[in-house]
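Shown next, in structure tokens, is the structure this report addresses.
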Amino acid sequence: MYRVLIVDDEPFVCQLLQKLIRWDALSLRLLGTAEDGFSAWERIREERPDIVITDIRMPGLDGLELVRRTREAQIDANFIIISGHTQFEYAFSAIKYGVEDYLVKPINQEELNEVLGKICGKRSLLDRNEQRDALLRTSLDKLRENYLLDLIGGRRLPAGLAEFNESCHCAFVPGLFQVIAVRPDGNAQYHAPRRELEVILSRAAAAVQKAQDFAVVTCIADGFLYCVFNFQPDDHPALAQSYRLIMDELFTVLNLYRNCEVTIGLSDEAAAVPDIPALFGHARDAVAERLTLGCNRIIPYGELPPDDGAPGLSAAERTELLNIVESCCADRLLLFVSRFLAETRSLPVRDAARLRKYRALLLDFFGMVQDAAPDPAAREAAILRLKEFTAPAALHQYISQTMGNLFAQYCEQIRTRETRPVADAKAFIEAHLSEDLTLERVAAQVYLNPAYFSILFKNEEGENFSKYITNLRISKAKDYLKQPPYSVAQVSELVGYRDQKHFSKLFKKIVGINPSDYKKLHS
0 MYRVLIVDDE PFVCQLLQKL IRWDALSLRL LGTAEDGFSA WERIREERPD IVITDIRMPG
60 LDGLELVRRT REAQIDANFI IISGHTQFEY AFSAIKYGVE DYLVKPINQE ELNEVLGKIC
120 GKRSLLDRNE QRDALLRTSL DKLRENYLLD LIGGRRLPAG LAEFNESCHC AFVPGLFQVI
180 AVRPDGNAQY HAPRRELEVI LSRAAAAVQK AQDFAVVTCI ADGFLYCVFN FQPDDHPALA
240 QSYRLIMDEL FTVLNLYRNC EVTIGLSDEA AAVPDIPALF GHARDAVAER LTLGCNRIIP
300 YGELPPDDGA PGLSAAERTE LLNIVESCCA DRLLLFVSRF LAETRSLPVR DAARLRKYRA
360 LLLDFFGMVQ DAAPDPAARE AAILRLKEFT APAALHQYIS QTMGNLFAQY CEQIRTRETR
420 PVADAKAFIE AHLSEDLTLE RVAAQVYLNP AYFSILFKNE EGENFSKYIT NLRISKAKDY
480 LKQPPYSVAQ VSELVGYRDQ KHFSKLFKKI VGINPSDYKK LHS
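Numbering that gives the first Met the number 0 puts the first residue of the sequence shown at 0, with every later residue one more than the last.
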């Protein structure tokens, strides 16, 4: 069902057109109406109607300008122009812009619906052809994409040029090969939505296809646009110009997405097809160097510093980090992370190597705080996020915050785990206050060694176990003595003292008066 937008600055004309169109017979649906050219343009741009019926003369933005803008924006809409004028220049301009038909008011219902019927027939035929072609293109594109993804991931090594051409449905010839990797990012203050980055990658792919002087195949994967160029040794000047044109096109796109940046990584050259998978890695490593060199530029792999490697945490660093985790000291963790990041930043290695070291730090840390660590999917997402940063300060802040927040959760879990036995013990004591409560008995209730439980209890309550029991029993005794039904002997039994004389002596020592006088004082 095709959607129709009706545009006229006279509302009654819009209403008349709605009544004249045979909607069901033509399988048409009214998208809406607009009473001026500017609002019509907004709806065309946002909702992309299939058919637009518009007056030619309207204030602000006339019908012909509306058609021109739609054509320039490459929006596939059929236009029917309606007008109260029969001047030749209007009709000529309408034909120039590819208007489907030009109808003069008053509008004839049969003529209007005949034109609409022709449009629907054409669109239906085009849609069927496009669906067939799209299905074929999709199948070929999917085969090419899967093949290139295998090369990018190192899961396949091409046997030779014939296999590469057959799998990629291209016509590469013997010569040289080079890979570029285009990577869009949000800037240091902006985490770009995935949709924005996808639009930039699509525009980059379109820009690459304009490089018709060279055979090229493309593939979008993991936030990169990869392009494999095939060229001859004397093509270097033209190839360099093509890369500059691609970058210029991307700068044009960035004018629409001002909070985004883009980097192009340029691999070395290779003369053999089996070397192409390594070129993908070259281009990725070149892009990674944007942390140091900045974005919005082309970074050649050949200009990167030597890759001497950057191992993960040393044994001493891992031991220090483990000790910090066991101590639950946030200040020590902050100092460790700050020192580690500064030292890693100063290493004379590529940014790709630094990223591997940062990744090792997070993985080791996740393993040490596994009780609080995110699930595997969230853990992998946190690791992948490292590659999205284009400024060292923002990356370092992310690592510090990620580790700091997770460490706070871990320490809270440890504290909860240590205080839980004490809370359970206190509940047991409260419920069995009239019974014989020894350290061994209460520790057994919470499944802890008596000596360890004694230390844990004192650390949590600030007083040792026996003093806590005594203070609790005297406090409960005071409450009972304030209630008339209970005698001193009964209260002594209720709070766990079988010897009334001992109870009275202990009570006076703590409260200052004996239980009998306390009871009289509060009766």
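No residue lacks a Cβ here, since even glycine has one placed at the ideal position from N, Cα and C.
Bear in mind the structure is a predicted one, so any value in this text is a computation, not a measurement.
- Secondary structure of V103 (DSSP, three-state): strand.
- Considering only L196, G31 and F11, the residue with the shortest C-alpha distance to I50 is G31.
- For the segment 111-182, the full-length alpha helix (DSSP H) segments reaching 4 residues or more read 160-167 along the chain.
- With the rule of 3 Cβ pairs closer than 8 Å, the segment 348-360 counts as touching the segment 298-306.
- Sequence-distant partners of K518 (beyond 5 residues in either direction) whose C-beta falls short of 6 Å from its own C-beta, in its chain, are L480.
- The three-state reading of DSSP puts D274 in helix, counting H, G and I together.
- Comparing alpha-carbon positions, the option among F11, D7, W40 and S26 lying closest to I52 turns out to be D7.
- R296 is bridged by DSSP to T262.
- Fewer than three beta-carbon pairs drawn from the segment 309-324 and the segment 278-293 are found closer than 8 Å, and the two stretches are therefore not classed as touching.
- Here N254 carries a coil assignment [DSSP, helix/strand/coil].
- With respect to the C-alpha of K477, the residue from S522, G185, T415 and M246 having the closest C-alpha is S522.
- Under the three-state reduction of DSSP, F388 is assigned to coil, being neither helix nor strand.
- G97 sits in coil when the DSSP states are folded into three classes, being neither helix nor strand.
- DSSP places Y1 in the uninterrupted beta strand (DSSP E) bounded by Y1 to V6.
- Under DSSP, T53 shares a beta bridge with V6 and I80.
- Rounded to the nearest angstrom, the gap between the Cα atoms of I468 and Y485 is 21 Å.
- In chain order, I473 place their CB closer than 7 Å to the CB of I509, counting only its own chain and leaving out the 5 sequence neighbours on each side.
- For secondary structure counted as the alpha helix (DSSP H) over 4 or more consecutive residues, the segment 471-503 holds these complete runs in sequence order: 487-493.
- In the three-state reduction of the DSSP assignment, V348 falls in the coil class, being assigned neither a helical nor a strand state.
- When DSSP states are grouped into helix, strand and coil, E268 belongs to the strand group.
- Rounded to whole angstroms, the gap between the alpha carbons of N458 and N295 is 57 Å.
- A191 sits in coil when the DSSP states are folded into three classes, being neither helix nor strand.
- Residues V272 and P273 of the same chain have their beta carbon placed closer than 8 Å to that of G159, with the five preceding and five following residues left out of the count.
- In summary, D330 is exposed, with fewer than 16 beta-carbon neighbours lying within 10 Å of its beta-carbon over all protein chains present.
- Counting C-beta atoms within 10 angstroms of its own C-beta, P192 has fewer than 16 neighbours from the protein chains shown and is therefore classed as exposed.
- If you look at R440, you'll find it isn't in any beta strand (DSSP E); it sits in the alpha helix (DSSP H) that goes L438 to Q444.
- Residue range G62 to E71 is occupied by the alpha helix (DSSP H) that includes G62.
- Nearest to L25 by C-alpha distance, out of I106, K121, E492 and R67, is K121.
- A distance below 6 Å between beta-carbons, with the five flanking residues on each side excluded, links R289 to the following residues of its chain, in chain order: T262 and T389.
- N458 is bridged by DSSP to nothing; it lacks a bridge partner.
- Under the Cβ criterion (8 Å, minimum of three pairs), the segment 108-115 counts as touching the segment 3-22.
- In the three-state reduction of the DSSP assignment, N322 falls in the helix class, which pools H, G and I.
- Between the segment 188-208 and the segment 248-263 there are three or more C-beta pairs closer than 8 Å, enough to call the two in contact.
- Contact check for L265 against A206 fails: the beta carbons are separated by 9 Å or more.
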